[in-house]
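Taking it in order: structure first as structure tokens, then the write-up.
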Amino acid sequence: MADVALLTTSDGRPLAQALVQAQARARRRALFLVLPLLLFVIFSFILPIGQMLHRSVYNDGFSASAPQLGAWFAQNPASTEPDEAAFAALAADLASMQANRLAGEAGTRINYVIPETRSLFTRSARDAKNLTPPFKAALLEVDPKWGDPALWQAMRAASSAYTLDFYLVSADFQRTADGSIERVDENRQIYIALFVKTFILSAIITVLCLLIAFPVAHLLATLPMAKANLLMILVLLPFWTSLLVRTTSWMALLQGEGVINDLLVWIGAITEDGRLRMINNQTGTIIVMTHILLPFMILPLYSVMKVIPPSYARAARSLGATSWTTFRRIYLPQTLPGVAAGSLLVFILAVGYYITPALVGGADGQLISNLIDFHMDRSNWSMAAALSAMLLVGVLILYWLYDRLVGIDRLKLG
Amino acid sequence: MKKTLILSTALAGFAVAAQADVTVMSWGGAYGAAQTEGHLKPFTAATGIATVMVDSDNPATPIKAMVEANNVTIDVASLEYADAIRLCDEGVLEVIDPAILPPGADGTAAMDDFLPGAVTECAVSTDIWATVYAYDTTKFTGDVPTTAADFFDTTKFPGKRGVRKGAKAVLEFALMADGVPASEVYATLSTPEGVDRAFAKLDTIKADIVWWEAGAQPPQLLADGEVVMSTAYNGRIFNAAVAEGKPFQIVWDGQIYENEMYAIPKGAPNKEEALQFIAYATSTEGLRQQAQWISYGPARKSSLTEPLIFNDGKTEMAPHLPTNPANMGNALESGSEFWVDRDAELNERFNAWLAAN
Numbered sequence: 003m004a005d006v007a008l009l010t011t012s013d014g015r016p017l018a019q020a021l022v023q024a025q026a027r028a029r030r031r032a033l034f035l036v037l038p039l040l041l042f043v044i045f046s047f048i049l050p051i052g053q054m055l056h057r058s059v060y061n062d063g064f065s066a067s068a069p070q071l072g073a074w075f076a077q078n079p080a081s082t083e084p085d086e087a088a089f090a091a092l093a094a095d096l097a098s099m100q101a102n103r104l105a106g107e108a109g110t111r112i113n114y115v116i117p118e119t120r121s122l123f124t125r126s127a128r129d130a131k132n133l134t135p136p137f138k139a140a141l142l143e144v145d146p147k148w149g150d151p152a153l154w155q156a157m158r159a160a161s162s163a164y165t166l167d168f169y170l171v172s173a174d175f176q177r178t179a180d181g182s183i184e185r186v187d188e189n190r191q192i193y194i195a196l197f198v199k200t201f202i203l204s205a206i207i208t209v210l211c212l213l214i215a216f217p218v219a220h221l222l223a224t225l226p227m228a229k230a231n232l233l234m235i236l237v238l239l240p241f242w243t244s245l246l247v248r249t250t251s252w253m254a255l256l257q258g259e260g261v262i263n264d265l266l267v268w269i270g271a272i273t274e275d276g277r278l279r280m281i282n283n284q285t286g287t288i289i290v291m292t293h294i295l296l297p298f299m300i301l302p303l304y305s306v307m308k309v310i311p312p313s314y315a316r317a318a319r320s321l322g323a324t325s326w327t328t329f330r331r332i333y334l335p336q337t338l339p340g341v342a343a344g345s346l347l348v349f350i351l352a353v354g355y356y357i358t359p360a361l362v363g364g365a366d367g368q369l370i371s372n373l374i375d376f377h378m379d380r381s382n383w384s385m386a387a388a389l390s391a392m393l394l395v396g397v398l399i400l401y402w403l404y405d406r407l408v409g410i411d412r413l414k415l416g
Numbered sequence: 050m051k052k053t054l055i056l057s058t059a060l061a062g063f064a065v066a067a068q069a070d071v072t073v074m075s076w077g078g079a080y081g082a083a084q085t086e087g088h089l090k091p092f093t094a095a096t097g098i099a100t101v102m103v104d105s106d107n108p109a110t111p112i113k114a115m116v117e118a119n120n121v122t123i124d125v126a127s128l129e130y131a132d133a134i135r136l137c138d139e140g141v142l143e144v145i146d147p148a149i150l151p152p153g154a155d156g157t158a159a160m161d162d163f164l165p166g167a168v169t170e171c172a173v174s175t176d177i178w179a180t181v182y183a184y185d186t187t188k189f190t191g192d193v194p195t196t197a198a199d200f201f202d203t204t205k206f207p208g209k210r211g212v213r214k215g216a217k218a219v220l221e222f223a224l225m226a227d228g229v230p231a232s233e234v235y236a237t238l239s240t241p242e243g244v245d246r247a248f249a250k251l252d253t254i255k256a257d258i259v260w261w262e263a264g265a266q267p268p269q270l271l272a273d274g275e276v277v278m279s280t281a282y283n284g285r286i287f288n289a290a291v292a293e294g295k296p297f298q299i300v301w302d303g304q305i306y307e308n309e310m311y312a313i314p315k316g317a318p319n320k321e322e323a324l325q326f327i328a329y330a331t332s333t334e335g336l337r338q339q340a341q342w343i344s345y346g347p348a349r350k351s352s353l354t355e356p357l358i359f360n361d362g363k364t365e366m367a368p369h370l371p372t373n374p375a376n377m378g379n380a381l382e383s384g385s386e387f388w389v390d391r392d393a394e395l396n397e398r399f400n401a402w403l404a405a406n
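Quick mapping for you: the protein sequence lines, in order, are chains A and B.
For reference, each letter of the first sequence is one residue, going 3 to 416 in our numbering.
For reference, each letter of the second sequence is one residue, going 50 to 406 in our numbering.
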């Protein structure tokens, strides 16, 4: 009886099984379609970010070139005074560093922690093959700095390629000679303050963009087609223009002897000596970035406003609402998905912005990305990676907050 | 006719492409142009080896990244002295055998011909340049700035100042302006009090500073009237003043000079040709040719035996060179060893100082 009840396809296979097979085929085909995208995402996004995160905790500049010293550190606990065996290991490592030209790399790694050790390594490595036992006395003769406990602490810390030291520095902390952690001197603290400044400036830029973009987007959405198209071109034209061109045009406009100051002097609004400082400072960064990021706010707002039926607002007015109430309770809530999308887009772009603050930011308009660039310039990849990772975490936290407060499913990009 | 022209051009292009091109990476602007005219073009004319010039804000940065990534695309880099030493220690540069360097035109052995320190393990000097400051002569009537201290005197000489964004040469200059003799600058800067003193001096004009990064910027800032005086590389000011007729005057008091070096990154695709290029460019004649395009001093004695004339055919170069005795009254040789060690530390302090309001 059961056999009869079983549904089959025309070629006699059980229907359930045939369905599963057909669906699996469809899924495979679908996977085949998204495969290029998947590979692209893996190779251009996930792998590089993973590599960056790895770099931020991994630096083998010292450990790879000092294997014997590494072995000594592994055998002896942290409190051990460096003995003759330690110095012998050091001398052997220095000799092999000289042979393989690794003294510079190794010294650079220790130099991050203790200044002036780079040349200590390169100088001592040059002499290393002439050293004779006892090595402790011989090395101290080359340079008494080899007896410094802080140096040995730093070498011990660096003898493992994996380290959190770069995150410590990114948070304005440092290790002391005995291995404990303390804040760096006030005149060297920079990163935390700069992270805060980056987020504050980005928030200011986002709010400015929103204030400017809202009326523009509304106008775009409500004007007759012909005029709206013209206005749209005016919005898109700068969007298509090179970032560098736009930034340098702002330099010509804003500088002390620039167009805007000349105009203000000419109409008598300011005196010749009272020319405004609008560039090479924070003001410059805010003005130029607001302009450059504006289209990213206008376009999502426009696409949302375009589909809001005007009849809702008319209905509200006909029921006696004032124009302000209509705006506040009927129109504004309907634009929220666009506001949310635009704000998120502008904010995240602003947080990582680099070239504009570098060109117009002067001293106090620099963002954290400019310091990441500084460390890249000096080949301190690990430090740059640690700062980038912290920036990434900061953005993810904000994204999570945003999801909790606004809801990511309410985002509408167009 | 037209067809043959296209064909021959294509063939010539093919011939050039088939041969190894020596790619040189330098600093762009007037300096890059001087190297192109003084070294690259004559080298190609003499040997038939094609050359290409690539610009960078500081070639030391990209070549380190190239060598680490095993993807070296350039053959010769123009480096600051301290960077050449640092990168050599890190194994980023090829070792250059001094035996390839030709003797001076007067027959002096190469190593005796070069000034002391001009040939290192991995690099050879192309010229001696200086960080100086220059002012716009139209902005000051009566008294004009003449000393390093005047750069920091905003009451006597009001107006904005351009300064290179970075610790190197800036901290030394501040100390010299504060009255530290050139011979004691690095000893002072090695102490925490000395560093504090340099930053305290910079604090006095911090609000008036416009920071620059690329060597082409200071002449531009002066020409735009954005600043009334600016630190700069002396050759850039010379070219703006002499070749372009700009009203800029260099103040040599407190100049900081150093060798600029040609080096070959490890794994350069055309190492043999690169060695030939360096031997040619740093010969007596090669050094003279570059010095006819920009006011940086040749590092060979034999290059200076006859007077050097700028490419306009009339300007004598000697008074404009950093190494001219008249310009060396209060001069400091940049401390390469000092910066190899202290670059990271002092630049971090500098960044923190810069970001603090």
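Note that the Cβ used here is the ideal one computed from N, Cα and C, for glycine as well.
key: Reduced DSSP category for residue 342 of chain B - H, G, I as helix; E, B as strand; rest coil   = The residue you call residue 342 of chain B lines up with position 293 of the second sequence. DSSP places residue 342 of chain B in the coil class of the three-state scheme, outside both helix and strand.
task = Assign residue 151 of chain B to one of three DSSP states: helix, strand, or coil.
result = In the second sequence, the residue the question calls residue 151 of chain B occupies position 102. Correct three-state label for residue 151 of chain B: coil.
task = Taking residue 258 of chain A as the query, report the chain B residues whose CB atoms sit under 8 Å from its CB, ordered along the chain.
result = Against the first sequence, residue 258 of chain A aligns to sequence position 256. In chain order: 209, 274, 275.
task = Give a yes or no on contact between the segment 246 to 266 of chain B and the segment 208 to 224 of chain B, applying the rule of three or more CB pairs nearer than 8 Å.
result = Inter-segment contact for the segment 246 to 266 of chain B and the segment 208 to 224 of chain B is present: three or more beta-carbon pairs are separated by less than 8 Å.
request  = Using a Cβ-Cβ cut-off of less than 9 Å, list which residues of the segment 241 to 266 of chain B approach chain D; keep chain order.
outcome  = Although the question refers to chain D, the structure presented lacks it and instead comprises the protein chains A and B.
task = Report the residue ranges of all alpha helix (DSSP H) runs contained in full by the segment 329 to 356 of chain A; include only those spanning at least 4 residues, in chain order.
result = Counting only runs of 4 or more, we get 334 to 353.
message = Distance check for residue 296 of chain B and residue 274 of chain B, CA to CA, integer angstroms please.
response = Locating residue 274 of chain B in the second sequence gives position 225, where the first residue counts as 1. Locating residue 296 of chain B in the second sequence gives position 247, where the first residue counts as 1. Spanning the two alpha carbons is a distance of roughly 12 Å.
request  = Tell me, please, whether the CB atom of residue 124 of chain A is closer than 8 Å to any CB atom in chain B?
outcome  = Numbered from 1 along the first sequence, position 122 holds the residue referred to as residue 124 of chain A. Judged by the 8 Å Cβ criterion, residue 124 of chain A is in contact with chain B.
key: Selected residue, minimal CA-CA separation from residue 276 of chain B, among B:102, B:326, B:184, B:179   = Start at 1 with the first residue of the second sequence, and residue 276 of chain B comes out as number 227. Check the Cα spacing between residue 276 of chain B and each of B:102, B:326, B:184, B:179: the tightest is with B:184.
key: Where residue 73 of chain B falls: helix, strand or coil (DSSP)   = Position 24 of the second sequence holds residue 73 of chain B. If DSSP states are grouped into helix, strand and coil, residue 73 of chain B belongs with the strands.
inquiry  = Judging by CA-CA distance, which residue of A:374, A:356, A:350, A:390 is the nearest neighbour of residue 206 of chain A?
reply    = Looking up residue 206 of chain A in the first sequence gives position 204. Looking from the CA of residue 206 of chain A, the closest CA among A:374, A:356, A:350, A:390 belongs to A:350.
inquiry  = Just to make sure I have the definition right: I need the residues of chain A whose C-beta is within less than 7 Å of the C-beta of residue 135 of chain B. Which are they?
reply    = As a first step, residue 135 of chain B must be located in the second sequence, where it is residue number 86. Within chain A, the residues 106 have their CB atoms less than 7 Å from the CB of residue 135 of chain B, given in chain order.
task = Assign residue 47 of chain A to buried or exposed, taking buried as 16 or more other Cβ atoms, counted over all protein chains shown, within 10 Å of its Cβ.
result = On the first sequence, position 45 is the one that residue 47 of chain A refers to. Exposed, because fewer than 16 other Cβ atoms sit within 10 Å of the Cβ of residue 47 of chain A.
message = Could you pull the DSSP bridge partners for residue 411 of chain B from this structure?
response = Within the shown structure, residues of chain B are numbered from 50 to 406, placing residue 411 of chain B beyond reach of any answer.
key: Whole runs of the beta strand (DSSP E) within the segment 134 to 208 of chain A, excluding any shorter than 3 residues   = Entirely contained in the segment 134 to 208 of chain A, the beta strand (DSSP E) runs reaching 3 residues are, in chain order, 175 to 177, 183 to 185.
inquiry  = If distances are taken between C-alpha atoms only, which option among B:381, B:357, B:83, B:379 comes closest to residue 370 of chain B?
reply    = Taking the second sequence and counting its residues from 1, the one referred to as residue 370 of chain B is at position 321. The candidate whose alpha carbon is nearest that of residue 370 of chain B is B:357.
query = Assuming residue 314 of chain B contacts residue 141 of chain B under a Cβ cut-off of 8 Å, what Cβ separation, rounded to an integer in Å, is found between them?
reply = Here residue 314 of chain B refers to the residue found at position 265 of the second sequence. Here residue 141 of chain B refers to the residue found at position 92 of the second sequence. Going by Cβ atoms, the distance from residue 314 of chain B to residue 141 of chain B rounds to 6 Å, so yes, they are a contact pair.
Which residues DSSP lists as bridging residue 297 of chain B, in chain order = Here the question's residue 297 of chain B lines up with position 248 in the second sequence. According to DSSP, residue 297 of chain B bridges with B:185.
query = In terms of DSSP beta bridges, what is residue 213 of chain B paired with?
reply = Working through the second sequence from its first residue, we reach residue 213 of chain B at position 164. Checking the DSSP bridge columns, you'll see residue 213 of chain B partnered with B:261.
task = Could you run through the segment 172 to 190 of chain A and flag, in chain order, every residue whose CB is less than 7 Å away from some CB of chain B?
result = Residues passing the 7 Å Cβ filter: 189, 190.
task = Decide yes or no for the touch test of the segment 281 to 298 of chain B against the segment 262 to 272 of chain A: beta carbon pairs closer than 8 Å, at least 3 of them.
result = By the C-beta criterion, the segment 281 to 298 of chain B is judged not to be in contact with the segment 262 to 272 of chain A, since fewer than 3 inter-stretch pairs fall below 8 Å.
inquiry  = On the criterion of 16 or more Cβ atoms from any shown chain inside 10 Å, does residue 330 of chain A qualify as buried, or is it exposed?
reply    = Numbered from its first residue, the first sequence carries residue 330 of chain A at position 328. Around the beta-carbon of residue 330 of chain A, fewer than 16 other beta-carbon atoms lie within 10 Å, marking it exposed.
task = Kindly indicate the opening and closing residues of the beta strand (DSSP E) around residue 100 of chain B.
result = To locate residue 100 of chain B, count along the second sequence from 1; it is residue 51. Looking at the DSSP string, the run of the beta strand (DSSP E) that includes residue 100 of chain B is 100 to 104.
key: Residue span of the beta strand (DSSP E) that contains residue 278 of chain B, given as start and end   = Sequence index remark: in the second sequence, residue 278 of chain B carries index 229 (1-based). Residue 278 of chain B -> beta strand (DSSP E) spans 278 to 282.
message = Quick check on DSSP: helix, strand or coil for residue 297 of chain A?
response = Residue numbering aside, residue 297 of chain A sits at position 295 when the first sequence is read from its first letter. For residue 297 of chain A, the secondary structure class from DSSP, reduced to helix, strand or coil, is helix.
inquiry  = So for residue 313 of chain B, helix, strand or coil by DSSP?
reply    = Against the second sequence, residue 313 of chain B aligns to sequence position 264. Residue state, collapsed to three classes: coil.
ask   = For residue 58 of chain B, which of helix, strand or coil comes out of DSSP?
value = The count along the second sequence starts at 1 and reaches residue 58 of chain B at position 9. Here the model assigns residue 58 of chain B a pLDDT of 44, short of 50, so the residue's position is not dependable, and the following value carries that caveat. Correct three-state label for residue 58 of chain B: helix.
query = If we cut at 8 Å on Cβ distances, does residue 386 of chain B have a partner in chain A?
reply = The count along the second sequence starts at 1 and reaches residue 386 of chain B at position 337. Residue 386 of chain B belongs to the set of residues whose beta carbon lies under 8 Å from a beta carbon in chain A.
request  = Using a cut-off of 7 Å between C-beta atoms, extract the partners of residue 61 of chain A located in chain B.
outcome  = As a working note, residue 61 of chain A is residue 59 in the first sequence. What residue 61 of chain A touches in chain B: nothing, since even the nearest Cβ is about 13 Å away.
key: Buried or exposed (CB count within 10 angstroms, at least 16 for buried), residue 314 of chain A   = The residue given as residue 314 of chain A occupies position 312 in the first sequence. Residue 314 of chain A sits exposed, since fewer than 16 C-beta atoms from the chains shown fall within 10 Å of its C-beta.
query = With 8 Å set as the bound, which would you pick, yes or no: does the beta-carbon of residue 400 of chain B sit closer than that to a beta-carbon of chain A?
reply = What you label residue 400 of chain B is simply residue 351 of the second sequence in a count that begins at 1. At least one C-beta of chain A is nearer than 8 Å to the C-beta of residue 400 of chain B.
query = Hey, out of B:75, B:83, B:96, whose CA is closest to residue 326 of chain B's CA?
reply = Stepping through the second sequence from its first residue, residue 326 of chain B is reached at position 277. B:96 is the residue among B:75, B:83, B:96 whose C-alpha sits nearest the C-alpha of residue 326 of chain B.
query = How is residue 316 of chain A classed by DSSP in three states: helix, strand or coil?
reply = Taking the first sequence and counting its residues from 1, one reaches residue 316 of chain A at position 314. Note: residue 316 of chain A maps to helix in three-state DSSP.
message = Taking beta-carbon pairs under 7 Å, can you tell me which members of the segment 343 to 366 of chain A lie near chain B?
response = Answer set for the segment 343 to 366 of chain A: 364, 365, 366.
inquiry  = Counting only Cβ-Cβ distances shorter than 7 Å, please list the residues of the segment 125 to 154 of chain B near chain A, keeping chain order.
reply    = So the close ones are 135, 138, 139, 140.
request  = Measure the C-alpha to C-alpha separation of residue 8 of chain A and residue 31 of chain A and round it to an integer number of angstroms.
outcome  = Locating residue 8 of chain A in the first sequence gives position 6, counting from the first residue. Locating residue 31 of chain A in the first sequence gives position 29, counting from the first residue. Taking the straight line joining both Cα atoms gives about 29 Å.
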